[in-house]
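Report on the structure given below.
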Amino acid sequence: MEQTYVMIKPDGVQRNLVGDVIGRFEKKGYKLVAIKLLLLTEEQAKEHYREHVGKPFFPGLLGYITSGPVVAMVWAGKDVVSAARKMMGKTNPLEAEPGTIRGDYGLDIGRNVIHGADSVESAQREIAIYFKEDESTSYEKTIEEWQYE
Ligand code: DAT
Ligand code: MG
1 MEQTYVMIKP
11 DGVQRNLVGD
21 VIGRFEKKGY
31 KLVAIKLLLL
41 TEEQAKEHYR
51 EHVGKPFFPG
61 LLGYITSGPV
71 VAMVWAGKDV
81 VSAARKMMGK
91 TNPLEAEPGT
101 IRGDYGLDIG
111 RNVIHGADSV
121 ESAQREIAIY
131 FKEDESTSYE
141 KTIEEWQYE
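Using UniProt numbering, the letters of the sequence shown map in sequence onto residues 1 to 149.
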């Protein structure tokens, strides 16, 4: 099954949105295979956002993403990479549709609550930044026969 990397950013943790975000992924039917609360190091943040190093917003992004604990997660399921991006909504919360996480809870592009990998390759790269192989758990859920044809 496809896997993606999802991260509740420091504002999401501070604003008590952890349960809501996890609940959305659970109720949709995705399977949690790894989770931890951690404070990003500057190195991890730079590696995570390496495509944005040097952009005008990068210093602010770096300060924000390392400002408090985040919830790092790996979710698995059918087309989970693109589905998670849809559930999160557009990068700028003011452009994100109501019903999406950013659309429901965000106001500012620099405080947009959640991160989700943008491709299967990015997901694998990002998972490796935060999790060792033995920190992901492979297990069956009996409900899967009611979720997948
Ligand atoms: P996404 O998080 O939707 O993948 P991205 O990869 O383009 O978006 O940017 C990563 C993060 O950087 C984004 O969640 C918020 C921040 N960011 C992006 N563009 C920005 C901008 N123009 N001003 C301020 N922050 C920005
Ligand atoms: Mg991105």
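Yeah, the Cβ is synthetic: ideal placement off N, Cα and C, and Gly gets one too.
Heavy atom of the ligand DAT within 7 Å of residue i beta-carbon
| i | result |
| --- | --- |
| Ile109 | yes |
| Asn112 | yes |
| Tyr49 | yes |
| Leu61 | yes |
Residue from the options with nearest C-alpha to residue i
| i | options | result |
| --- | --- | --- |
| Leu39 | Phe25, Phe58, Val13 | Val13 |
| Val33 | Glu43, Pro69, Gly77 | Gly77 |
| Ser136 | Ala128, Thr142, Ile143 | Ala128 |
| Ser119 | Thr142, Ala83, Ile143 | Ala83 |
| Thr142 | Arg15, Asp108, Lys31 | Lys31 |
| Trp75 | Tyr139, Pro98, Glu145 | Tyr139 |
Proximity below 8 Å, CB of residue i to CB of residue j
| i | j | result |
| --- | --- | --- |
| Met73 | Ile114 | no |
| Thr41 | Ala117 | no |
| residue 157 | Gly110 | Any property of residue 157 remains undetermined from this structure, which presents the chain solely from 1 to 149. |
| Ile101 | Met87 | yes |
| Ile8 | Val80 | no |
Proximity test, residue i beta-carbon vs the ligand MG heavy atom, cut-off 7 Å
| i | result |
| --- | --- |
| Asp118 | yes |
Nearest-angstrom Cβ-Cβ length linking residue i and residue j, presumed shorter than 8 Å
| i | j | result |
| --- | --- | --- |
| Pro69 | Pro10 | 7 Å |
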